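**Student:** There's a structure below that I have some questions on.
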Amino acid sequence: MLYQCLRLRKLSSGQEAVPLQSPFRKWFSSRSFRYKLMMASIICILIPACITLAVYNYLTQDAVKEQAVSNSQESMMLVNNYVTNSFKYMLNVANTIQMDPELESIFKANVAGKRYTGPTAEYDEFADKNKIIKQIDNITIAGEKVNVTILLSNGSYYANYEIDEYNPLNLMNEPWFNQLKDLYGFQSYWVGTTPTVFKTQKLNNPYQMSVVRTLRWEGSTIYGFIMVTVMENQINQNFERLANNQEFMILDSHQKVISSNDVTKIGTKFTYADVSSQAEPISSEIVQVDHEDYLITQKLMPLTGWKLVSLTPYKKAIFKISGIFNKVFVFQIVSFIVFLLLLLYLLGTFTRPLVRLGKVALTVQRGDLETRSHIRGEDEIGRLGYLFDQMLDRIKEMIAEVSETQARKRQAELDMLQAQINPHFLFNVLNSIRMKVMFRGDKESAEMIGSLSKLLRMTINKDKGTITLHEEVEIVMDYMQLMNMRQKEKVQLKIDVSTDAFLKKVPRFFLQPIIENALIHGLNQSAGTITVEAWMEAQKLIVAVEDNGTGMAEETIARLRRRLTSGEDRGERGVDSRKGFSSIGLSNVNERMRMTYGDAFYMEIDSEPGRGTRVTMHIPAAEVDSEHV
1 MLYQCLRLRK LSSGQEAVPL QSPFRKWFSS RSFRYKLMMA SIICILIPAC ITLAVYNYLT
61 QDAVKEQAVS NSQESMMLVN NYVTNSFKYM LNVANTIQMD PELESIFKAN VAGKRYTGPT
121 AEYDEFADKN KIIKQIDNIT IAGEKVNVTI LLSNGSYYAN YEIDEYNPLN LMNEPWFNQL
181 KDLYGFQSYW VGTTPTVFKT QKLNNPYQMS VVRTLRWEGS TIYGFIMVTV MENQINQNFE
241 RLANNQEFMI LDSHQKVISS NDVTKIGTKF TYADVSSQAE PISSEIVQVD HEDYLITQKL
301 MPLTGWKLVS LTPYKKAIFK ISGIFNKVFV FQIVSFIVFL LLLLYLLGTF TRPLVRLGKV
361 ALTVQRGDLE TRSHIRGEDE IGRLGYLFDQ MLDRIKEMIA EVSETQARKR QAELDMLQAQ
421 INPHFLFNVL NSIRMKVMFR GDKESAEMIG SLSKLLRMTI NKDKGTITLH EEVEIVMDYM
481 QLMNMRQKEK VQLKIDVSTD AFLKKVPRFF LQPIIENALI HGLNQSAGTI TVEAWMEAQK
541 LIVAVEDNGT GMAEETIARL RRRLTSGEDR GERGVDSRKG FSSIGLSNVN ERMRMTYGDA
601 FYMEIDSEPG RGTRVTMHIP AAEVDSEHV
């Protein structure tokens with residue numbers, strides 16, 4: 001109620017009202033306890049499960065990538081071994097010819113012009129060629145088919161193929177031939193892929209690869225060249241045999257494709273390989289080629305200075321590995337769903353008694369107090385159901401008791417109404433006496449009878465718990481008028497009440513006991529003055545009663561203050577039905593006011609011997625409900 005008042009006050013002052021609840025919170029709060037419990041359980045399971053699956057997916061992606069890279073590099077190393085062996089075989093053929101002393105002597109003698117002289121020169125030359133070709137065949141017979149060309153500086157040549165296939169003298173017309181003079185010692189020159197020069201090979205083997213060595217005199221002057229040539233398909237057949245969804249290629253230092261299992265790419269430039277990775281023996285990376293991710297693995301080939309590259313679609317590279325992880329992922333999802341269904345079933349079972357209890361509560365709310373939950377058990381819900389049924393039984397009993405009490409109360413009210421006939425008759429008789437006395441001219445006696453009638457009416461009329469301060473002052477004035485008639489010496493009553501305090505509600509008969517104390521104890525029933533003051537101050541009604549009597553000593557004041565503070569005389573009401581209103585003490589007034597206003601009310605007593613006593617009451621200005629008095 002207080003919050004609504006405050007909210008209305010804000011609205012009336014022009015401020016915008018803040019919504020009490022967000023729509024989601026309002027919707028959620030209207031759901032059942034079972035629904036909230038299930039939702040909370042699902043959220044508490046779903047969030048960790050999602051986080052776990054996300055982390056698992058993130059970690060497995062790295063693991064899948066690492067495994068794919070590892071597989072690609074293993075394939076790369078295997079292919080590299082085969083290709084390197086082919087290149088080493090070509091070098092071994094050239095080295096064997098270069099290092100053969102018999103062949104070296106024939107070559108040198110031929111270049112020097114000392115080999116073929118005399119009448120047997122042609123025969124000797126023919127015999128040397130046969131010997132050299134036979135030696136070359138012996139060297140190459142155990143390995144792959146290679147074409148060996150030996151070209152001397154005097155124009156002589158030797159080859160293990162027919163001259164009709166290719167004229168060795170054409171080597172001097174190749175664009176790379178002039179670079180051979182820059183070679184030294186046993187250095188080799190690797191000729192990249194070039195169109196096949198051998199006529200019978202062009203149809204099936206469009207490209208060839210060669211390595212060239214120089215023949216030198218002791219002074220390092222070149223006197224000849226050895227070229228060993230293989231067909232490019234002899235290299236890429238290793239790619240075809242070992243490739244597993246992979247495309248292999250060999251790149252030269254200019255990123256030009258010189259061998260590949262895709263022949264159409266030979267001679268083109270491959271721009272996706274990382275040139276900076278040439279410093280690493282082997283490396284892998286994922287790049288985008290034609291809008292598709294590929295796993296590229298590169299391996300340096302120190303023997304040739306070239307680079308072996310494998311190109312694999314990333315999806316195919318991780319297909320088998322990711323399939324395993326995906327199965328584990330699906331298993332986790334299925335396990336989570338099964339666990340969630342089991343949890344929902346258990347929660348439904350556990351909360352079924354609560355749902356029944358809620359339905360019973362709704363039935364009770366509609367007014368049916370005969371229904372019972374009949375929920376029993378050793379757990380909290382069972383005890384709650386038992387206590388709920390007990391509460392309904394007790395409520396039913398209390399309703400019966402209240403009905404009986406109300407019936408007795410109505411009977412008592414009827415009895416009291418009948419009992420009030422005599423007091424009303426007494427008031428009417430007193431008023432008749434007062435009028436007769438007044439007609440006879442005894443005005444003072446008439447006023448005394450009128451005051452007695454008012455006081456008697458206020459004493460008997462207990463339905464009115466609160467009255468205005470103006471009415472309370474009139475009671476005090478009537479009371480003083482009666483007391484002055486009893487005493488030999490008159491007491492003067494002064495009233496000083498501000499206009500804003502006159503209409504404030506106060507408890508009935510709260511001033512009379514204080515006036516009585518001032519009259520009996522303060523003035524000792526002798527002549528004097530009693531002053532009643534009242535005014536408003538800081539939302540409080542201040543009422544002060546002061547007399548000019550004998551006053552009290554400090555010890556008496558201290559004892560009286562302790563008594564009022566501690567409530568020592570709380571049990572002594574001082575009300576005597578035979579005396580009516582004549583002896584109600586300060587303690588009674590203090591207790592009544594505190595019961596009405598709480599700690600907001602307090603009473604102050606000040607006194608000085610020989611000068612009088614002053615009692616000041618601080619009363620909250622709010623009106624008092626008569627039921628609380």
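Residue 482 in UniProt numbering sits at position 482 of the sequence shown, and the numbers go up by one each step.
Every residue, glycine too, gets a C-beta built ideally from N, C-alpha and C.
Since the structure is predicted, the reported quantities are computational estimates derived from the model, not experimental observations.
#1: Name the two residues that bound the continuous beta strand (DSSP E) containing Lys-505.
#2: Report buried or exposed for Val-402, applying the criterion of at least 16 other Cβ atoms within 10 angstroms of its Cβ.
#3: Helix, strand or coil for Phe-329? Go by DSSP, reduced to three states.
#4: Tell me the residue span of the alpha helix (DSSP H) that contains Pro-48.
#5: Enumerate, from N- to C-terminal direction, the unbroken beta strand (DSSP E) stretches of 3 or more residues contained entirely within the segment 505–565.
#6: For Ala-159, report the span of its beta strand (DSSP E) as first-last.
#7: Taking Cβ to Cβ, would you say Ser-22 is nearer than 8 Å to Ser-310?
#8: Report buried or exposed for Gly-224, applying the criterion of at least 16 other Cβ atoms within 10 angstroms of its Cβ.
#9: Under 8 Å between the Cβ atoms of Leu-251 and Lys-299?
#10: Does the distance from the CB of Ala-544 to the CB of Ile-530 come in under 8 Å?
#11: To which residues of the same chain is Ser-32 closer than 8 Å at the C-beta, ignoring the five residues directly before and after it?
#12: Kindly indicate which residue of Val-211, Lys-396, Leu-369, Asp-606 has the alpha-carbon position closest to the one of Asp-547.
#13: Between which residues of its own chain and Leu-503 is the CB-CB distance below 8 Å, once the five residues before and five after are set aside?
#14: Are the segment 35–44 and the segment 256–266 in contact at 8 Å, needing three or more beta carbon pairs?
#15: Only counting the same chain, and skipping five residues up and downstream in sequence, which positions put a Cβ closer than 7 Å to that of Asn-236?
#16: In terms of DSSP beta bridges, what is Arg-216 paired with?
#17: Just curious, the alpha helix (DSSP H) that Gln-481 is in, first and last residue?
#18: Mind the definition here: the segment 85–93 touches the segment 117–128 only if three or more C-beta pairs lie below 8 Å; say whether that holds.
#19: For the segment 403–411 against the segment 373–389, are there 3 or more C-beta pairs whose distance is under 8 Å?
#20: Rounded to the nearest angstrom, what separates Ile-139 and Leu-59 at their Cα positions?
#21: If you follow the alpha helix (DSSP H) that Arg-592 is in, where does it begin and where does it stop?
#22: DSSP puts Leu-452 in a beta bridge; with which residues?
#23: Roughly how many angstroms separate the alpha carbons of Ser-283 and Met-99, rounded to a whole number?
#24: Just to confirm my understanding: we take Ile-421, look at its own chain, exclude 5 residues before and 5 after, and list those with CB closer than 7 Å. What are they?
#25: Just how far apart, CA to CA, sit Leu-452 and Gln-487?
#26: In terms of residue numbering, what span does the beta strand (DSSP E) encompassing Glu-608 cover?
#27: If you follow the beta strand (DSSP E) that Lys-131 is in, where does it begin and where does it stop?
#28: With H, G and I counted as helix, E and B as strand and the rest as coil, what does DSSP make of Ser-582?
#29: Taking a contact to mean a Cβ-Cβ separation below 8 Å, would you say Glu-489 touches Ala-538 in this structure?
#30: Please name the residue in Gln-525, Gly-143, Ile-515 whose C-alpha comes closest to that of Asn-85.
#31: Whose C-alpha, out of Asn-167, Ser-105, Val-212, Thr-214, is nearest the C-alpha of residue 630?
#32: Identify, in the order they occur along the chain, each residue of the same chain with its Cβ nearer than 6 Å to the Cβ of Glu-125, setting aside the five sequence neighbours on each side.
#33: To the nearest angstrom, report how far apart Ser-498 and Ser-29 are at their CA atoms.
#34: Leaving out five residues before and five after Lys-265 in sequence, what residues of the same chain have Cβ atoms less than 7 Å from its Cβ?
#35: Is the separation between the beta-carbon of Ile-222 and that of Arg-213 shorter than 8 Å?
#36: Taking only runs of the beta strand (DSSP E) that begin and end inside the segment 163–222, which ones reach a length of at least 3 residues, in chain order?
**Tutor:** Taking the structure as given:
#1: Counting from 1 along the sequence shown, the entry for residue 505 is found at position 505. First-last of the beta strand (DSSP E) with Lys-505: 505–507.
#2: The residue given as residue 402 occupies position 402 in the sequence shown. Classification for Val-402: exposed.
#3: On the sequence shown, residue 329 is found 329 positions in, with the first residue counted as 1. Residue state, collapsed to three classes: helix.
#4: Working through the sequence shown from its first residue, we reach residue 48 at position 48. Run containing Pro-48: 33–99, per the alpha helix (DSSP H) assignment.
#5: 505–507, 528–537, 540–547
#6: Here the question's residue 159 lines up with position 159 in the sequence shown. Taken as a continuous stretch (DSSP letters only), the beta strand (DSSP E) holding Ala-159 covers 157–159.
#7: Within the sequence shown, numbered from 1, the residue matching residue 22 stands at position 22. Within the sequence shown, numbered from 1, the residue matching residue 310 stands at position 310. No, the Cβ-Cβ distance between Ser-22 and Ser-310 is not below 8 Å.
#8: As a working note, residue 224 is residue 224 in the sequence shown. The residue in question, Gly-224, is buried, as its Cβ has 16 or more Cβ neighbours within 10 Å.
#9: For the purposes of this step, residue 251 is identified with residue 251 of the sequence shown, where counting begins at 1. For the purposes of this step, residue 299 is identified with residue 299 of the sequence shown, where counting begins at 1. Against a cut-off of 8 Å, the Cβ pair of Lys-299 and Leu-251 comes out as no contact.
#10: Reading the sequence shown from its first residue, position 544 is the one you call residue 544. Reading the sequence shown from its first residue, position 530 is the one you call residue 530. Contact flag unset, no.
#11: Against the sequence shown, residue 32 aligns to sequence position 32. The answer, listed in chain order, is Val-355, Gly-358.
#12: Counting from one through the sequence shown, the residue named residue 547 turns up at place 547. Measuring from the Cα of Asp-547, the nearest candidate turns out to be Asp-606.
#13: Locating residue 503 in the sequence shown gives position 503, where the first residue counts as 1. Hits under 8 Å: Thr-468, Leu-469, His-470.
#14: No: fewer than three Cβ pairs fall under 8 Å.
#15: For the purposes of this step, residue 236 is identified with residue 236 of the sequence shown, where counting begins at 1. Cβ within range, chain order: Ser-259, Ser-260, Asn-261.
#16: Within the sequence shown, residue 216 is the residue found at index 216, counting from 1. According to DSSP, Arg-216 bridges with Ile-222.
#17: Your numbering for residue 481 matches position 481 in the sequence shown. That run of the alpha helix (DSSP H) goes 469–486.
#18: The segment 85–93 makes no contact with the segment 117–128; the number of CB pairs closer than 8 Å stays below 3.
#19: no
#20: The sequence position of residue 139 within the sequence shown is 139, counting from 1. The sequence position of residue 59 within the sequence shown is 59, counting from 1. Computed Cα separation, rounded: 55 Å.
#21: Here residue 592 refers to the residue found at position 592 of the sequence shown. Per DSSP, Arg-592 belongs to the alpha helix (DSSP H) from 586–597.
#22: Counted from its first residue, the sequence shown places residue 452 at position 452. DSSP, once it has assigned bridges, lists no residue as partnering Leu-452.
#23: Counted from its first residue, the sequence shown places residue 283 at position 283. Counted from its first residue, the sequence shown places residue 99 at position 99. The straight-line gap from Cα to Cα measures roughly 37 Å.
#24: Your numbering for residue 421 matches position 421 in the sequence shown. Confidence at Ile-421 is low in this model, with a pLDDT of 44, below 50, so the placement of that residue should be treated as unreliable; the coordinate-derived value is given next. There are no such residues.
#25: By one-based count along the sequence shown, residue 452 stands at place 452. By one-based count along the sequence shown, residue 487 stands at place 487. Rounded to the nearest angstrom, the two C-alpha atoms are 16 Å apart.
#26: Position 608 of the sequence shown holds residue 608. Element bounds for Glu-608: 602–608.
#27: Mapped onto the sequence shown, residue 131 falls at position 131. Not the beta strand (DSSP E): Lys-131 falls in the alpha helix (DSSP H), residues 121–140.
#28: Indexing the sequence shown from 1 puts residue 582 at position 582. In this prediction, Ser-582 scores a pLDDT of 30, lower than 50, which makes its location untrustworthy; no coordinate-derived value is stated.
#29: Start at 1 with the first residue of the sequence shown, and residue 489 comes out as number 489. Start at 1 with the first residue of the sequence shown, and residue 538 comes out as number 538. It is not a contact, given that the beta carbons lie outside the stated cut-off.
#30: Locating residue 85 in the sequence shown gives position 85, counting from the first residue. For Asn-85, the nearest C-alpha among the options comes from Gly-143.
#31: Coverage of the chain is limited to positions 1 through 629, which leaves residue 630 absent and any answer about it impossible.
#32: Here the question's residue 125 lines up with position 125 in the sequence shown. Closer than 6 Å at Cβ, skipping near neighbours: Tyr-116.
#33: The residue labelled residue 498 in the question sits at position 498 within the sequence shown. The residue labelled residue 29 in the question sits at position 29 within the sequence shown. Their Cα atoms are separated by approximately 54 Å.
#34: Along the sequence shown, one-based indexing puts residue 265 at 265. Excluding five sequence positions before and after Lys-265, the CB atoms of its chain that fall closer than 7 Å to its own CB belong to Met-249, Val-257, given in chain order.
#35: Translated into the one-based positions of the sequence shown, residue 222 becomes position 222. Translated into the one-based positions of the sequence shown, residue 213 becomes position 213. Taking 8 Å as the Cβ cut-off, Ile-222 and Arg-213 do not qualify as a contacting pair.
#36: 189–195, 207–216
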